[in-house]
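Start counting the sequence shown at 10; every next residue gets the next number (the numbering used here).
Working notes, beginning with the structure itself.
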Amino acid sequence: MQVAVVGAGRFGALHAARLGALPGVRVAAVVDPDLPRAQRVAEGVGAVALPGLDRLPAVEAASVVVPLPALAEVTASLLQRGVHVLAEKPLALSAAEGARLVALADAGGLRLHVGYLERFNPALAGWRGGRVVVARRVGVRAAGPLALDWLVHDLDLARHLLGPGLEVAAARQGPGFVGVHLRGPGGEARLWAAEEHAGVRRRLRGAGCHLDLAGGGDPLALELSAFCRAVRGDDAGPLADGRDAVATLALVEAIAARARRRAA
């Protein structure tokens, strides 16, 4: 399978290395407007380096690891070229924008998946939390809006563990933090994300179950392997798709609206 990696930053370099190590997969191109950076990553996997998509060789699939403002545009461009896409979370800036990408993939008969890699965290093998999810995610500095950069991981995880239909029961948001209480047919979740100076912590708790999500394993390799299986038409396991991402973005928007009402 010929694949491309779009975005050659730190995480894009990890995608290229993990994809290049998968059996039956070849990274054909690494794309980044910073061509020297693309060349450094491409050299490690034997790929061609390109500054843009205009001269992209024929590839079956692509991993999109670009900054959030460009994420939907790059994903759309690849889908329009007939390429299956794994886009980094959260896929788009809004649920409406994400829904347009899903429609574009559907129209072309293409796979659109999203990089919610906590679904592949080996720690989840120990999940015995039942109908209650409590998650806390703390770091030094988010790369973008806190709800779109950090909280989305746990919103998606709550949907994955408790099922669809979760709604925002309460939310509060402020400089450097966001907290939410979700309820649905499958249970409830209390999620918290915050910027602190105490380092990175990612913890998940349920009824009689305490997990450290910052443990070992390689969830990215598992996620990328699942994406390649999905492109081949095989079982993709817990891999999130575009519709999952749209549902999570809708929760982000509902959290913001609830927090605004609380502050009014």
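All C-beta atoms in this analysis are idealised placements derived from N, C-alpha and C, irrespective of residue type, glycine included.
These numbers come from a predicted model, not from an experiment.
Same chain, Cβ closer than 6 angstroms to A235, neighbours up to 5 away in sequence not counted = Translated into the one-based positions of the sequence shown, residue 235 becomes position 226. Same-chain partners within the cutoff: A245, G246 and L248.
Return the first residue and the last residue of the alpha helix (DSSP H) that G148 is part of.
-> Walking along the sequence shown from the start, residue 148 turns up at place 139. That residue, G148, is in no alpha helix (DSSP H); its beta strand (DSSP E) goes V141 to G148.
Which whole-angstrom value describes the C-beta separation of A268 and Q182, a residue pair presumed to lie in contact below a C-beta threshold of 8 angstroms?
-> Numbered from 1 along the sequence shown, position 259 holds the residue referred to as residue 268. Numbered from 1 along the sequence shown, position 173 holds the residue referred to as residue 182. About 4 angstroms separates the two Cβ atoms, so the contact holds.
Mind checking which residues open and close the alpha helix (DSSP H) that includes F20?
-> Counting from one through the sequence shown, the residue named residue 20 turns up at place 11. Run containing F20: R19 to G29, per the alpha helix (DSSP H) assignment.
Might you give, ordered along the chain, the residues of its own chain that have their beta carbon closer than 6 angstroms to the beta carbon of Y125, omitting 5 neighbours on each side?
-> Translated into the one-based positions of the sequence shown, residue 125 becomes position 116. If we look at Y125 and ignore the five residues flanking it on each side, its Cβ neighbours are K98, D165 and A249.
Sub-9 angstroms separation of G195 and G215 beta-carbons | The residue you call residue 195 lines up with position 186 of the sequence shown. The residue you call residue 215 lines up with position 206 of the sequence shown. Taking 9 angstroms as the Cβ cut-off, G195 and G215 do not qualify as a contacting pair.
Do L87 and G138 have their CB atoms nearer than 9 angstroms?
-> Residue 87 sits at position 78 when you count from the first residue of the sequence shown. Residue 138 sits at position 129 when you count from the first residue of the sequence shown. For L87 and G138, no; Cβs fall outside 9 angstroms.
From R238 to F129, what does the alpha carbon distance come to, in whole angstroms?
-> Position 229 of the sequence shown, counted from the start, is the residue given in the question as residue 238. Position 120 of the sequence shown, counted from the start, is the residue given in the question as residue 129. Rounded to whole angstroms, R238 to F129 spans 14 angstroms at the Cα level.
Just how far apart, CA to CA, sit V141 and G55?
-> Within the sequence shown, residue 141 is the residue found at index 132, counting from 1. Within the sequence shown, residue 55 is the residue found at index 46, counting from 1. Going from the Cα of V141 to the Cα of G55 covers about 46 angstroms.
Environment of E232 [buried if 16+ CB atoms lie within 10 Å] = Residue mapping note: residue 232 aligns to position 223 of the sequence shown, counting from 1. It counts as buried.
Given 8 angstroms, three or more beta-carbon pairs between the region 67-74 and the region 12-23 = yes
Using three-state DSSP, classify R46 as helix, strand or coil.
-> By 1-based counting over the sequence shown, the position of residue 46 is 37. Note: R46 maps to helix in three-state DSSP.
Cβ-based neighbour list, G188, same chain, cut-off 6 angstroms, excluding 5 preceding and 5 following = One-based indexing of the sequence shown puts residue 188 at position 179. R181 and W201.
Are the beta-carbon atoms belonging to L133 and L220 less than 9 angstroms from one another?
-> Position 124 of the sequence shown, counting from 1, holds the residue named residue 133. Position 211 of the sequence shown, counting from 1, holds the residue named residue 220. Yes, the Cβ-Cβ distance between L133 and L220 is below 9 angstroms.
Using the DSSP secondary-structure output, state which residues sit across from R35 in a beta bridge.
-> Position 26 of the sequence shown holds residue 35. BP columns for R35 point to Q11.
Straight-line gap, H190 to A266 (C-alpha atoms, nearest Å) | On the sequence shown, position 181 is the one that residue 190 refers to. On the sequence shown, position 257 is the one that residue 266 refers to. Spanning the two alpha carbons is a distance of roughly 14 angstroms.
Mind checking P184: buried by the 16 CB within 10 Å criterion, or exposed?
-> Here residue 184 refers to the residue found at position 175 of the sequence shown. So P184 counts as exposed.
According to the Cβ coordinates, are P66 and L44 closer than 9 angstroms?
-> Your numbering for residue 66 matches position 57 in the sequence shown. Your numbering for residue 44 matches position 35 in the sequence shown. Result no, Cβ atoms of P66 and L44 do not sit closer than 9 angstroms.
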